[in-house]
Amino acid sequence: MPLTGHCLCKAVTYSADVDQPAIVAYDHCDDCQRQSGSTYSLVAVVPKAKLTLNGPVKTWTGKGSSGNAVHRLFCSECGSPIAHDPDAAPEIIALKAGTLDTEIKKTLKPDTEIWTVSKLPFCQEHLANPFEHMPQ
Numbered sequence: 464m465p466l467t468g469h470c471l472c473k474a475v476t477y478s479a480d481v482d483q484p485a486i487v488a489y490d491h492c493d494d495c496q497r498q499s500g501s502t503y504s505l506v507a508v509v510p511k512a513k514l515t516l517n518g519p520v521k522t523w524t525g526k527g528s529s530g531n532a533v534h535r536l537f538c539s540e541c542g543s544p545i546a547h548d549p550d551a552a553p554e555i556i557a558l559k560a561g562t563l564d565t566e567i568k569k570t571l572k573p574d575t576e577i578w579t580v581s582k583l584p585f586c587q588e589h590l591a592n593p594f595e596h597m598p599q
């Protein structure tokens, strides 16, 4: 069964013809923190040749730590980040796992953390007193 997903407004959809991502990682790099507006970005890495993207995707290109370009794909309508595509690893693309279809992302099991050199010191796997929703 392929991995499928979409942006917030559903203008961009995608399908990766794989059963599972090659890697599911917490990406702590500073660029992913800024793009996601959070402490890390959960990514699902798939072979780029297996990905089909549809819809109005825009790209912003920056420079990775390798010195090579990293292309960040996002929906031009709602701004949802979709993936990042590093020139340093041209065979893969890192999908923003939060954009996967709900039933698929519920099955994800992160297997690694990357860019932990940029991991914020307060990030912990489990925090005390979690709230199921926003506290009232």
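The sequence shown: position 123 = 586 (the working numbering), numbered continuously. For every residue, glycine included, the Cβ atom is placed at its ideal position computed from N, Cα and C.
Distance between residue j and residue i (C-alpha atoms, nearest Å)
i, j, result
"Thr575", "His491", "11 angstroms"
"Ala474", "Lys582", "32 angstroms"
"Ser528", "Pro549", "10 angstroms"
"Met464", "Asn517", "18 angstroms"
"His534", "Val481", "22 angstroms"
"Tyr477", "Lys526", "25 angstroms"
"Cys470", "Lys569", "17 angstroms"
Beta carbon of residue i nearer than 9 angstroms to that of residue j
i, j, result
"Leu687", "Ile577", "Past the edges of the chain, shown from 464 to 599, lies residue 687, and the structure says nothing about it."
"Ala479", "Leu466", "yes"
"Ala560", "Leu505", "yes"
"Ile556", "Val509", "yes"
"Lys511", "Phe537", "no"
Where the beta strand (DSSP E) containing residue i begins and where it ends
i, result
"Thr467", "Leu466 to His469"
Delimiting residues of the alpha helix (DSSP H) encompassing residue i
i, result
"Cys600", "Past the boundaries of the shown model lies residue 600; the chain is included only from 464 to 599, so the question cannot be answered."
Cβ neighbours of residue i in the same chain (closer than 6 angstroms, five flanking residues each side left out)
i, result
"Cys472", "Glu540 and Cys541"
Top-ranked residue by Cα proximity to residue i, from the options
i, options, result
"Ser584", "Tyr503, Asp564, Lys513 and Ala488", "The displayed chain sequence assigns Pro, not Ser, to residue 584. Checking every option, the nearest Cα to that of Pro584 belongs to Tyr503."
"Asp497", "Ser543, Lys569 and Thr562", "A quick correction: the sequence has Arg, not Asp, at residue 497. When only C-alpha atoms are compared, the closest one is Ser543."
"Gln483", "Asp494, Cys586 and Leu563", "Leu563"
"Gly468", "Thr515, Tyr489, Val580 and Ser501", "Thr515"
Sequence-distant residues of the same chain with beta carbon closer than 8 angstroms to residue i, five excluded per side
i, result
"Thr524", "Ala532, Val533, His534 and Arg535"
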